[in-house]
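Please read the structure below before turning to the comments.
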Amino acid sequence: MNDLIVSFLKGDRRALAKAISIVENDYPQKRELLQRLHCHTGDSYIIGVTGSPGAGKSSLIRSLTKKLRKIGINVGILAVDPSSPFSGGAILGDRIRIQDRIIDEGVFMRSLASRGSMGGLTKNIGGILNVMDAFGYKVLFLETVGVGQSEIDIMNIAHTVLVVLTPAGGDSIQAMKAGIMEIADVFAINKADMPGADKTFIEVSTVLDAGYISSSWRPPLVKTMTVNDMGVDELWQAITTHYSYLKSSGKLKLIVKERLKQEVVSLLVERVKNMVLDALSERHDMEKEITRVLAKEVDPYTLAEQMFNDSFTIVKPV
Ligand SMILES: Nc1nc2c(ncn2[C@@H]2O[C@H](COP(=O)(O)OP(=O)(O)OP(=O)(O)O)[C@@H](O)[C@H]2O)c(=O)[nH]1
Ligand SMILES: [Mg+2]
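Counting from 182, one number per residue, gives the positions in the sequence shown under our numbering.
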């Protein structure tokens with residue numbers, strides 16, 4: 182572990198990749214690693230990027246990264262469950278298809294395939310971002326396909342949430358229905374080269390104007406086109422304006438504090454859960470008890486209560 186941390190802190194990217202795998206796969210060294218890296222965290226600006234499949238999230242991240250590299254900012258990218266491979270483009274190029282491949286000294290990218298196990302994975306995303314933060318990436322992009330509650334939860338980790346919409350088939354309406362509008366800080370209307378971009382712009386603006394009258398931040402909308410990077414400067418401007426707003430309003434501190442609180446609470450919940458399950462397995466044969474529920478000898482609520490009361494007397498003195 183010492184060797185790994187020394188290499189990591191020297192900027193060895195293989196050590197970074199290894200550290201991320203330790204967290205991602207819940208390896209036994211995870212706790213010590215995160216404990217020791219904690220004092221190096223807190224400098225990254227986390228930008229969540231969400232939107233329907235194929236909206237152009239990865240393409241926009243690529244365009245923004247290209248821009249950030251030009252001004253010397255190093256970038257970490259974490260793509261959660263991408264439905265299409267991170268592909269194409271001049272700077273990240275085909276090489277980005279290969280996980281963890283060094284793209285340029287200042288860019289690191291990792292995709293996490295999570296299909297079917299979002300709950301378990303969500304738990305580790307914060308840890309993985311902490312690792313990337315400790316390594317020294319000033320900007321971290323977190324990409325998810327915005328469809329369900331898990332993705333919305335993931336986006337709570339971000340400081341600024343960019344929602345990518347397209348002019349295609351009712352994308353904006355879908356976003357409003359899925360509750361994505363509420364979590365957006367900035368909107369990109371991507372694929373502005375396609376018909377209907379202006380219509381989408383007006384539709385979303387109307388909704389925002391109605392909903393954000395009393396709020397101190399009205400999410401800006403920026404039309405983008407990733408083929409020629411149209412709107413990318415403006416989009417970055419909108420994102421950084423939101424960052425300044427977070428800082429000046431004190432909201433950034435609140436977000437950071439809330440995330441730390443969630444981290445501590447989930448660690449506690451995990452420990453209590455394991456403690457209760459261990460205690461239960463000492464006293465009860467779970468399979469046998471479930472057979473009783475199946476046979477309608479007892480209902481799940483009564484059984485859970487009985488088992489809890491049993492185990493609680495064991496847990497209590499600790
Ligand atoms: N016409 C047009 N196509 C675009 C634009 N930006 C991206 N695309 C295309 O849209 C497709 C999806 O782009 P991605 O960047 O992979 O989209 P994504 O949202 O990351 O997709 P998932 O991660 O699979 O959800 C690709 O074929 C891109 O070339 C754009 O501005 N205009
Ligand atoms: Mg993508």
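By construction, the Cβ of each residue, glycine as well, lies at the ideal position given by its N, Cα and C atoms. Note that the structure is a prediction, hence the values are computed from the model and not measured.
Legend entry - ILE227 classed as buried or exposed, judged by whether at least 16 other C-beta atoms fall within 10 angstroms: Classification for ILE227: buried.
Inset, instruction - Entirely within the region 302–343 and at least 3 residues each: give me those beta strand (DSSP E) ranges in chain order. - result: Counting whole runs of 3 or more residues, the region 302–343 contains the beta strand (DSSP E) stretches 320–326.
Inset, instruction - Report buried or exposed for LYS404, applying the criterion of at least 16 other Cβ atoms within 10 angstroms of its Cβ. - result: Around the beta carbon of LYS404, 16 or more other beta carbons sit within 10 angstroms, so the residue counts as buried.
Legend entry - First and last residue of the uninterrupted beta strand (DSSP E) at VAL408: No beta strand (DSSP E) contains VAL408, which DSSP labels as neither H nor E.
Inset, instruction - Could you work out which residue in GLU324, VAL312, PRO401 is closest to ILE420 when comparing CA atoms only? - result: Minimum Cα distance to ILE420 is reached at PRO401.
Inset, instruction - May I ask you to check if the CB of ALA339 is nearer than 7 Å to at least one heavy atom of ligand 2? - result: It does not: the Cβ of ALA339 is nowhere closer than 7 Å to a heavy atom of ligand 2.
Inset, instruction - Determine the extent of the alpha helix (DSSP H) in which MET290 is found, giving its start and end residues. - result: No alpha helix (DSSP H) holds MET290; the beta strand (DSSP E) holding it covers 288–293.
Legend entry - VAL479, enclosing alpha helix (DSSP H) - first and last residue: Counting along the chain, VAL479 falls outside any alpha helix (DSSP H), and DSSP gives it neither H nor E.
Inset, instruction - Taking MET406 and ILE364 to be in contact with their CB atoms under 8 Å, please state how far apart those CB atoms are, rounded to whole angstroms. - result: About 24 Å; that fails the 8 Å criterion.
Legend entry - Cβ-Cβ distance between THR231 and VAL385 below 8 Å: Contact: no.
Legend entry - ligand 2 heavy atom lying under 7 Å from the CB of LYS238: Checking every heavy atom of ligand 2 against the Cβ of LYS238, one is found closer than 7 Å.
Inset, instruction - Take the Cβ of ASP184 as the centre, count every other Cβ of all protein chains shown within 10 Å, and call the residue buried at 16 or more, exposed below. - result: Its Cβ having fewer than 16 others within 10 Å, ASP184 is exposed.
Inset, instruction - Using three-state DSSP, classify ALA369 as helix, strand or coil. - result: In the structure shown, ALA369 falls within a strand segment according to DSSP collapsed to helix, strand and coil.
Inset, instruction - Give the single residue among GLU213, VAL320, GLY223 whose Cα lies nearest to the Cα of LYS247. - result: Distances from the CA of LYS247 to each of GLU213, VAL320, GLY223 were compared; the closest alpha carbon is that of VAL320.
Inset, instruction - Say whether the region 372–391 touches the region 463–482, bearing in mind that this needs 3 or more beta-carbon pairs closer than 8 Å, one atom from each stretch. - result: Judged by Cβ distances under 8 Å, the region 372–391 makes no contact with the region 463–482, as fewer than three pairs qualify.
Legend entry - Whole-angstrom distance between ILE242 and ASP410, CA atom to CA atom: Here the alpha carbons of ILE242 and ASP410 stand approximately 11 Å from one another.
Inset, instruction - Return the first residue and the last residue of the alpha helix (DSSP H) that ILE186 is part of. - result: ILE186 -> alpha helix (DSSP H) spans 183–191.
Legend entry - Residue burial classification, GLY253 (beta-carbon count within 10 angstroms, cutoff 16): Looking at its Cβ environment, which holds fewer than 16 other Cβ atoms inside 10 Å, GLY253 is exposed.
Inset, instruction - Provide the residue(s) that pair with ALA260 in DSSP beta bridges, ordered along the chain. - result: Looking at the DSSP assignment, ALA260 forms a beta bridge with SER292, GLU324.
Legend entry - Run of the beta strand (DSSP E) containing THR231, from where it starts to where it stops: Looking at the DSSP string, the run of the beta strand (DSSP E) that includes THR231 is 226–232.
Legend entry - Per-residue DSSP class, three states only, for ASP508: What is shown of the chain runs 182 to 499, which leaves residue 508 out entirely.
Inset, instruction - Use the C-beta contact count for PHE339: other C-beta atoms within 10 angstroms, 16 or more gives buried, fewer gives exposed. - result: The sequence shown places Ala at residue 339, rather than the Phe named in the question. Under the 10 Å beta carbon count, ALA339 is surrounded by 16 or more other beta carbons and is classified as buried.
Inset, instruction - Per DSSP, which residues does ASP285 bridge with? Please list them. - result: Answer by DSSP bridge pairing, in chain order: VAL288.
Legend entry - THR387 versus LYS442 - alpha carbon distance: Each residue's Cα considered, the two are about 36 Å apart.
Legend entry - Endpoints, alpha helix (DSSP H) assigned at ASP414: ASP414 -> alpha helix (DSSP H) spans 413–430.
Inset, instruction - Taking SER397 as part of the alpha helix (DSSP H), name the residues at either end of that continuous run. - result: Here SER397 belongs to no alpha helix (DSSP H), and DSSP marks it neither H nor E.
Inset, instruction - Report yes if the CB atom of THR347 is closer than 8 Å to the CB atom of ALA236, and no otherwise. - result: Result yes, Cβ atoms of THR347 and ALA236 sit closer than 8 Å.
Inset, instruction - Starting from the C-beta of ILE471, find all residues in its chain whose C-beta is less than 8 Å away, skip the five residues before and the five after it, and write them out in chain order. - result: Excluding positions up to five away in sequence, the list is empty.
Inset, instruction - Within 10 angstroms of the Cβ of VAL204, are there 16 or more other Cβ atoms? Answer buried if so, exposed if not. - result: Answer is buried; the Cβ neighbour count reaches 16.
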